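Per my numbering, the sequence shown runs over residues -14 to 488.
Note that beta-carbon positions come from the ideal geometry of N, C-alpha and C, so glycine has one too.
Computed from a predicted structure; not experimentally measured.
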Amino acid sequence: MANVLVTGATGYIGGRLVPELLGAGHRVRALARTPAKLDDEPWRAGVEVVRGDVADTRGVEEAMAGCDAAYFLVHSMGGPADFAAADRRAACAFRDAAAATGLRRIVYLGGLGRDDDPQLSAHLRSRHEVGRLLAEGPVPVTELRAAVIIGSGSASFEMLRYLVEVLPVMVTPRWVDNRCQPIAVRDVLAVLLAAVSDGSALDGVVELGGPEVVSYQQMMRTYAEVAGLRRRVIIPVPVLTPRLSSHWIGLVTPLPTGLAQPLVESLINEVVVRDRPAPVGTAPAPLPIREAIELALQRATEHHVVTRWSDATLPGRTPADPLPTDPDWAGGSFLADTREVRTAARPAALFATLQGVGGDRGWYVTPLLWSVRGWADKLMGGVGLRRGRRNPDVMAVGDAVDFWRVEAVEPDRVVRLRAEMRLPGEAWLEWEIRPDGAGATLVQRALFYPRGLAGRAYWYCLVPFHALIFEQLARRLAAAAEAGVTGPPDRLGLRARWRRRTP
């Protein structure tokens, strides 16, 4: 058991590493410039959080005091224009603070690539420079180098995901035939944990990779197969430079161009493990690429709603799950229509009203549109709207409600339905109840996880109908709860046309 400092706990890797460290029995301190970003983390109560900047030597010294090991998991890429200079300053400050406090080990996660490659990208060159600067101090450094990390939220994997899902035909630069050695985020975290847990961590550079070496084109095709997409047509051409490619990626994906450009420039380099070291501690054998992609997509499609909005309800979360601290583009192409209504109704009254939706009572607004959607689904071979529900007043997980399936029910807090209609993607309708003084706020979310271009076209074609339906749906649910009825109020106000709830 060790006292461990984690920098980058609000980031992709750090946010997953902290609960792994706690689970292994370590005492964790997190350094963050904005500690409030960690307030909603389920592990927050078990971690000491200190405010500070990794580039401030004195502040880092104070954060390191009493620690045995520290993780350097920060990266300025996508931030300042000269990210290399910012990372250089941070590495020097971190190295000097470690020396001053008598730290026993620094663990750093960088990127694969040959040091002697004359065409090494600015991104990878900076990553390697940070490792060298950290190692110039007296504190032993374990520098882990990985290429594409497969997991929902990983920048390089999300770039791959968006390109493959959006574009059935891709005109690509020649670098799509370059080789890489992707690795699952689960396996990266296992090695990071072993570096401070087993007492057998290697000094110097430790190269990490999955069991397969593939081209980027092969990785794209594997993703399409796993995601159930049609075979993608990939046409390599010699005229697309990395800079042009990054602008194209910025146009067709939500990734910021400032983040996409250094990532794309790194794709010109072959990133494979050349000096495979002995395994670090008890880290498991890495997953094959197909299994890694399947796991990442399973977590995104099954649990994205839960992890973003209702963390506490997620059973058995794993390091591959998306987190609330992921950037907006993480976790796949996740689309949402969110409405909030303040109501005088108590949480229990709102919850009772929500449990009564669907079936014979209907959906409160535009019954004709709901009926048309149900018949359209039936014609396409789906379940249709008239499947009804088992109990008109009570929902249980697994119940059918018209063309929905109840996915989560938390008394006086959450009701979430998952669509079982024929769709080019996955859809949910979720209500969250937030106590608010004498009443409550009802947060309604229509959530959609599209598959390919057809999924996005479907969502955006329905945006006008969303504006018509979802705003009124949230308001009428709140009104019904205030009136104490189990069905929609009539147009004149709050007089019930369905039986009133009994106490």
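Between which two residues does the beta strand (DSSP E) containing Gln104 stretch? As a working mapping, residue 104 is identified with position 119 in the sequence shown. For Gln104, there is no enclosing beta strand (DSSP E), as DSSP marks it with neither H nor E.
Between Arg1 and Pro20, which are expected to be in contact by the criterion C-beta below 8 Å, what is the C-beta distance as a whole number of angstroms? Residue 1 sits at position 16 when you count from the first residue of the sequence shown. Residue 20 sits at position 35 when you count from the first residue of the sequence shown. Not confirmed; about 18 Å, so no contact.
Here's the rule: buried if 16 or more other CB atoms are within 10 angstroms of the residue's CB, otherwise exposed. What is Ile220? Residue 220 sits at position 235 when you count from the first residue of the sequence shown. Under this definition Ile220 is an exposed residue.
When you compare the CB positions of Glu405 and Phe433, do they come within less than 7 Å of one another, or not? Here residue 405 refers to the residue found at position 420 when the sequence shown is read from its first residue. Here residue 433 refers to the residue found at position 448 when the sequence shown is read from its first residue. Taking a C-beta distance under 7 Å as the contact criterion, Glu405 and Phe433 do not qualify as a contact pair.
Environment of Arg112 [buried if 16+ CB atoms lie within 10 Å]: Indexing the sequence shown from 1 puts residue 112 at position 127. The residue is buried, with at least 16 neighbouring Cβ atoms inside 10 Å.
Coarse secondary structure for Thr(-5), derived from DSSP in three states: Within the sequence shown, residue -5 is the residue found at index 10, counting from 1. Three-state DSSP puts Thr(-5) in coil, outside helix and strand.
Using a 10 Å radius around the Cβ and a threshold of 16 neighbouring Cβ atoms, would you call Gly213 buried or exposed? Working through the sequence shown from its first residue, we reach residue 213 at position 228. Under this definition Gly213 is an exposed residue.
Return helix, strand or coil for Cys52, following the three-state DSSP convention. Looking up residue 52 in the sequence shown gives position 67. In this structure, Cys52 counts as coil in the three-state DSSP scheme.
Counting only runs that start and end within the region 404 to 436, where is the alpha helix (DSSP H) found for 4 or more residues in a row? Here no run is fully enclosed.
Between the C-alpha atoms of Val350 and Glu395, what's the straight-line distance to the nearest angstrom? Here residue 350 refers to the residue found at position 365 of the sequence shown. Here residue 395 refers to the residue found at position 410 of the sequence shown. Val350 and Glu395 have their C-alpha atoms some 25 Å from each other.
Give the DSSP-derived three-state secondary structure of Met365 in the structure shown. Start at 1 with the first residue of the sequence shown, and residue 365 comes out as number 380. Correct three-state label for Met365: coil.
Around the C-beta of Trp360, are 16 or more other C-beta atoms found within 10 angstroms, so that it is buried, or is it exposed? If you number the sequence shown from 1, residue 360 lands on position 375. Under this definition Trp360 is an exposed residue.
What did DSSP end up calling Leu129 once you bin it into helix, strand or coil? As a first step, residue 129 is located in the sequence shown; it is residue number 144 there, counting from the start. Correct three-state label for Leu129: strand.
Can you give me the start and stop residues for the alpha helix (DSSP H) that Met(-14) sits inside? By 1-based counting over the sequence shown, the position of residue -14 is 1. DSSP places Met(-14) outside any alpha helix (DSSP H), giving it a letter other than H or E.
By the 10 Å Cβ neighbour count, where 16 or more other Cβ atoms means buried, how is Glu143 classified, buried or exposed? Start at 1 with the first residue of the sequence shown, and residue 143 comes out as number 158. Classification of Glu143: buried, given that the 10 Å Cβ count is 16 or more.
Between Pro488 and the rest of its own chain, which residues show a CB-CB distance below 6 Å, the 5 nearest in sequence each way excluded? Within the sequence shown, the letter at position 503 stands for residue 488. Reliability of the predicted coordinates at Pro488 is poor, the pLDDT of 31 falling under 50, and no value is obtained from them.
Sub-7 Å separation of Arg324 and Gly344 beta-carbons: For the purposes of this step, residue 324 is taken as the residue at position 339 of the sequence shown. For the purposes of this step, residue 344 is taken as the residue at position 359 of the sequence shown. No, the Cβ-Cβ distance between Arg324 and Gly344 is not below 7 Å.
Taking 7 Å as the CB-CB cut-off, is Val176 touching chain B? Annotation note: the requested chain B is absent from the structure, which comprises a single protein chain.
On the DSSP letters alone, give me the boundaries of the alpha helix (DSSP H) that Pro449 sits inside. Locating residue 449 in the sequence shown gives position 464, where the first residue counts as 1. For Pro449, the enclosing alpha helix (DSSP H) has its first and last residue at Val448 to Ala468.
In the DSSP output, what is Phe57 paired with across the bridge? Stepping through the sequence shown from its first residue, residue 57 is reached at position 72. DSSP lists Tyr93 as partners of Phe57.
With a cut-off of 8 Å on the beta carbons, I'd call Ser251 and His108 a contact; round off their distance for me. Residue mapping note: residue 251 aligns to position 266 of the sequence shown, counting from 1. Residue mapping note: residue 108 aligns to position 123 of the sequence shown, counting from 1. Between Ser251 and His108, the beta carbon gap of about 5 Å places them in contact (Cβ cut-off 8 Å).
Please check the pair Arg216 and Val149, which I expect to be a contact at CB under 8 Å, by giving their CB distance rounded to whole angstroms. Within the sequence shown, the letter at position 231 stands for residue 216. Within the sequence shown, the letter at position 164 stands for residue 149. Going by Cβ atoms, the distance from Arg216 to Val149 rounds to 11 Å, so no, they are not a contact pair.
Gln203 versus Arg275 - alpha carbon distance: Here the question's residue 203 lines up with position 218 in the sequence shown. Here the question's residue 275 lines up with position 290 in the sequence shown. Cα-Cα distance, rounded: 11 Å.
For Ala431, which residues from the same chain have a beta carbon less than 6 Å from its beta carbon, with the 5 sequence-adjacent residues on both sides left out? By one-based count along the sequence shown, residue 431 stands at place 446. Exclusion of the five residues before and after Ala431 leaves Asp322, Leu414 and Phe455 as the residues of its chain whose Cβ lies within less than 6 Å of its Cβ.
Got a sec? Which residues, its chain only, sit under 7 Å from Glu46 by beta carbon, not counting five neighbours each side? Taking the sequence shown and counting its residues from 1, the one referred to as residue 46 is at position 61. Hits under 7 Å: Ala82, Ala85 and Thr86.
Same chain, Cβ closer than 6 Å to Ala120, neighbours up to 5 away in sequence not counted: On the sequence shown, position 135 is the one that residue 120 refers to. Apart from sequence neighbours up to five positions away, the residues of its chain that approach Ala120 with a beta-carbon distance below 6 Å are Val126, ordered along the chain.
Whole runs of the alpha helix (DSSP H) within the region 0 to 49, excluding any shorter than 4 residues: If we require 4 residues or more, the alpha helix (DSSP H) runs fully inside the region 0 to 49 come out as 42 to 49.
Cβ of Arg110 within 7 Å of Cβ of Val326? Stepping through the sequence shown from its first residue, residue 110 is reached at position 125. Stepping through the sequence shown from its first residue, residue 326 is reached at position 341. No; because the gap between Cβ atoms is not below 7 Å, this pair is not in contact.
Who are the near neighbours of Asp24 in its chain, counting only those whose CB is closer than 7 Å to its CB and skipping five residues on each side? As a working mapping, residue 24 is identified with position 39 in the sequence shown. For Asp24, same chain residues with a beta-carbon under 7 Å away, outside a window of 5 residues either side, do not exist.
Answer yes or no: do Ala55 and Leu(-10) have a C-beta to C-beta separation smaller than 7 Å? Here residue 55 corresponds to residue number 70 of the sequence shown, with the count starting at 1. Here residue -10 corresponds to residue number 5 of the sequence shown, with the count starting at 1. In this structure, Leu(-10) lies closer than 7 Å to Ala55 by Cβ.
Pick out whichever of Val256, Val191 and Gly189 has its Cα sitting closest to the Cα of Val161. Against the sequence shown, residue 161 aligns to sequence position 176. Scanning Val256, Val191 and Gly189 for the CA closest to the CA of Val161 turns up Val256.
Three-state class that DSSP yields for Asp172 in the structure shown: For the purposes of this step, residue 172 is taken as the residue at position 187 of the sequence shown. DSSP, reduced to helix, strand and coil, places Asp172 within a helical segment of the structure shown.
Through-space distance from Gly44 to Asp72, alpha-carbon basis: Numbered from its first residue, the sequence shown carries residue 72 at position 87. Numbered from its first residue, the sequence shown carries residue 44 at position 59. Straight-line Cα distance between these residues: approximately 16 Å.
Given a cut-off of 7 Å, decide if Arg390 and Gly410 are closer than it, judged by their beta-carbon atoms. Looking up residue 410 in the sequence shown gives position 425. Looking up residue 390 in the sequence shown gives position 405. For Gly410 and Arg390, no; Cβs fall outside 7 Å.
In whole angstroms, give me the CA-to-CA distance for Arg401 and Gly195. Position 416 of the sequence shown, counted from the first residue, corresponds to residue 401. Position 210 of the sequence shown, counted from the first residue, corresponds to residue 195. When only Cα atoms are considered, Arg401 and Gly195 end up about 37 Å apart.
Going along the chain, which residues of its own chain have a beta-carbon closer than 6 Å to the beta-carbon of Val342, five neighbours each way excluded? By 1-based counting over the sequence shown, the position of residue 342 is 357. For Val342, there are no CB contacts under 6 Å within the same chain when 5 residues up- and downstream are skipped.
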